Amino acid sequence: MNNRPAGPGSAGERLLQSHLGTTDRAAVFYDRQVQPQLTPMMREFVRQQTMVFLSTADAAGNCDTGFRAGPPGFVIDLDADTLTYPEYRGNGVHAGNGNILENPHLGLLFIDFTHHHIGLHVNGRAKVVSDAEQRSVYPHLPVDTAQSRKPALWVHLTVDEAYVQCSKYIPHLEPAPRPRGATANRPKDSDYFVAPAPAPDHRRPVEHGAGHPLPVMEHERLRLTPDQA
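Remember, the working numbering sits 14 above the position in the sequence shown when you count from 1.
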């Protein structure tokens, strides 16, 4: 059963607004700031961003947060209602994308730390699709999206709402290259928070499954018509 009220904002939001006396102020924010699709200024903002924070949850509501980065515009606005971004093999866990297969709700948060110190929330419903499938509908997608790595998958987001993140507590960061040797005296990433892994056992059988078709639940299937390309 869906208890979400009509219009933006959850039932929990409305309850707290009533309790704290902020209902009228929140109504002004909803009416002016919460957009059902990306405005032209929002789309231009997305094209300039080099990082995004994302949130997902599985079917049971267990949450996961993630971070993605790339060249400016690596999150691509296909139109005012649609965003997409590439995914790579990474550590092989696929925590966030696995959640999307169970629960399509995805939240993105873009923050400009260096110029205007403003943020953009984008919430919607996502699908995980193969590179070949996404590229068959959108052939203009870049092939080399990050350091000569080719995407294994794409996340395809249909926008439900988009709204501003105010600048009050956004810190200022200066873009700069990484200092040479900055990571020389620290553990490698895989050992940074845990004990070093034991030496690999080369007698283990080869893992099967790589290259199998992407498991897609019925509600996750990407159905795109030519007029969306």
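Note that CB positions come from ideal geometry on N, CA and C, so glycine has one too.
These numbers were taken from a predicted model, which means no experiment stands behind them.
Rounded to whole angstroms, the Cβ separation of Ile90 and Leu155 is 7 Å, and the two are in contact under 8 Å.
DSSP places Thr64 in the coil class of the three-state scheme, outside both helix and strand. Judged by beta-carbon spacing, Asn111 lies within the 9 Å limit of Thr70, meaning their Cβ atoms are closer than that value. With respect to the 9 Å criterion, Phe124 and Gln63 are classified as neighbours on the basis of their beta carbons. Assignment of Gln31 by DSSP, reduced to helix, strand and coil, places it in the helix class. For Gln179, the uninterrupted beta strand (DSSP E) segment begins and ends at 167-179.
Around the CB of Lys141, 16 or more other CB atoms lie within 10 Å, so the residue is classed as buried. Tyr99 is bridged by DSSP to Val169.
A direct Cα-to-Cα measurement between Ala40 and Leu115 gives close to 33 Å. With respect to the C-alpha of Arg82, the residue from Ala94, Gly75, Tyr99 having the closest C-alpha is Tyr99. Taking the Cα positions, Asp145 is about 15 Å away from Leu171. If you draw a straight line from the Cα of Met56 to the Cα of Ala209, it is about 43 Å long. Here Asn113 is buried, its C-beta having at least 16 other C-beta atoms within 10 Å. Excluding five sequence positions before and after Val48, the CB atoms of its chain that fall closer than 7 Å to its own CB belong to Pro22, Glu175, Tyr177, given in chain order. Of the residues assessed, Asp126 falls on the buried side of the cut-off, its CB having 16 or more other CB atoms within 10 angstroms. In the DSSP assignment, Val136 falls outside any alpha helix (DSSP H) and lies within the beta strand (DSSP E) extending over 133-144.
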